[in-house]
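Working notes, beginning with the structure itself.
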Amino acid sequence: GNMGQSTPMAGMSDHGHGSESSAVSAAYMVLVNNGAADAIVKAESDVAKSVELHNVIMENNVMQMRQVEAIEVPANGQVELKPGSFHVMLIGLNRDLKEGDEVTITLTTRSGKTIEVKAPVRKP
């Protein structure tokens, strides 16, 4: 096994689920919107089998992670994807991410725009 080795992830934490095929990582970023209100409705990355939008909510004093359909971005505002809030989950990583690597995540908005975000890999 890889005991004692930590696999850093795209600007976040390695949730290590054992086998590599189920490796999961979370990406955090700040999305700035200079126009009309929009929303991120889809995320993709070439390093993961699937990418999901998630939010963390408090339910009965327990932090629950929930997949969300969209992450709203206010007009002329910004949304910070951060631990304990909205974030992008990379599920089924298909390669080892090393500190210093950059992961490209493509976000699609409700208005049909695509945004490419480069997330540097850093240790949690």
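The numbering used here numbers the first residue of the sequence shown as 1124 and each following residue consecutively.
Where a beta carbon is used, it is the ideal one built from N, C-alpha and C, also for glycine.
Under the Cβ criterion (8 Å, minimum of three pairs), the stretch 1204 to 1214 counts as touching the stretch 1170 to 1182. Annotation for D1161: the continuous beta strand (DSSP E) segment containing it runs 1161 to 1168. Distance between Q1201 and M1212, taken at the CA atoms: about 19 Å. The Cβ atoms of V1196 and E1222 do not sit closer than 7 Å to each other. About 4 Å separates the beta carbons of A1166 and V1174, which is inside the 8 Å limit, making them a contact pair.
Taking the Cα positions, I1228 is about 22 Å away from N1199. Judged by DSSP secondary structure, E1239 falls within the beta strand (DSSP E) whose first and last residues are 1237 to 1245.
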